[in-house]
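Written out below as structure tokens is the structure these notes cover.
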Amino acid sequence: MTRDRPRRGRRARSAFKYAFEPKAFYTPSEVATILQVSSQTVLDWIHKDLLDAIQLSERVYRVPLGALMIRLGEPPRVRREVRDHLSGDAAADERALVREHKTSQGPR
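Counting in my numbering, the sequence shown runs from 357 upward without gaps.
Shown next, in the form of structure tokens:
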């Protein structure tokens, strides 16, 4: 007789239940799409400190995955591929993100 339950000693992996790609940082526009609100609402939350974000330049922000998950009501768990992308040093990660943003903008 076979049983339809998980084996003992193995933890069942919970499926990522949201329909967006988990990555380290999101634009306010991506966050707005995920949360089904306007981009201006996301920017208002950032300015009112209701949503954590990193300011890359005068008008450019990035929202970390953890901040998005908290806004969705989930504890901030970072998946392995995202965690591997980060160095563990928040200041270094922020500098790398700013550097990446500046190089993607090209010369002005």
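Even glycine gets a Cβ: it sits at the ideal position worked out from N, Cα and C.
Point to revise | Segment limits, alpha helix (DSSP H) that includes VAL398 | key: 395-403
Check your understanding: With contact counted as at least three CB pairs below 8 Å, one residue from each stretch, are the region 388-408 and the region 444-454 in contact?
Key -> Contact check between the region 388-408 and the region 444-454: fewer than three CB pairs, one atom from each, fall below 8 Å, which does not count as touching.
Practice item. Classify ARG418 as buried or exposed, calling it buried when 16 or more other Cβ atoms lie within 10 Å of its own Cβ. Key: buried
Check your understanding: Relative to the alpha-carbon of LYS458, which residue among GLY422, ALA423 and ARG415 has its alpha-carbon at the smallest distance?
Key -> ARG415
**Study point:** ARG366 - DSSP class collapsed to helix/strand/coil
**Key:** Reliability of the predicted coordinates at ARG366 is poor, the pLDDT of 43 falling under 50, and the value obtained from them is presented with this limitation in mind. The answer is coil: DSSP assigns ARG366 none of H, G, I, E or B.
Check your understanding: Since ILE410 contacts LEU453 with CB under 8 Å, what's their CB separation in whole angstroms?
Key -> 6 Å
Practice item. Drop a sphere of 10 angstroms on the beta-carbon of ALA423, count the other beta-carbons inside from all chains shown, and report buried for 16 or more, exposed for fewer. Key: Flag for ALA423 reads buried.
Practice item. To the nearest angstrom, report how far apart ALA388 and SER395 are at their CA atoms. Key: 5 Å
Point to revise | Per DSSP, the bridge partner or partners of PRO420 | key: Note: PRO420 sits in a beta bridge opposite PHE381.
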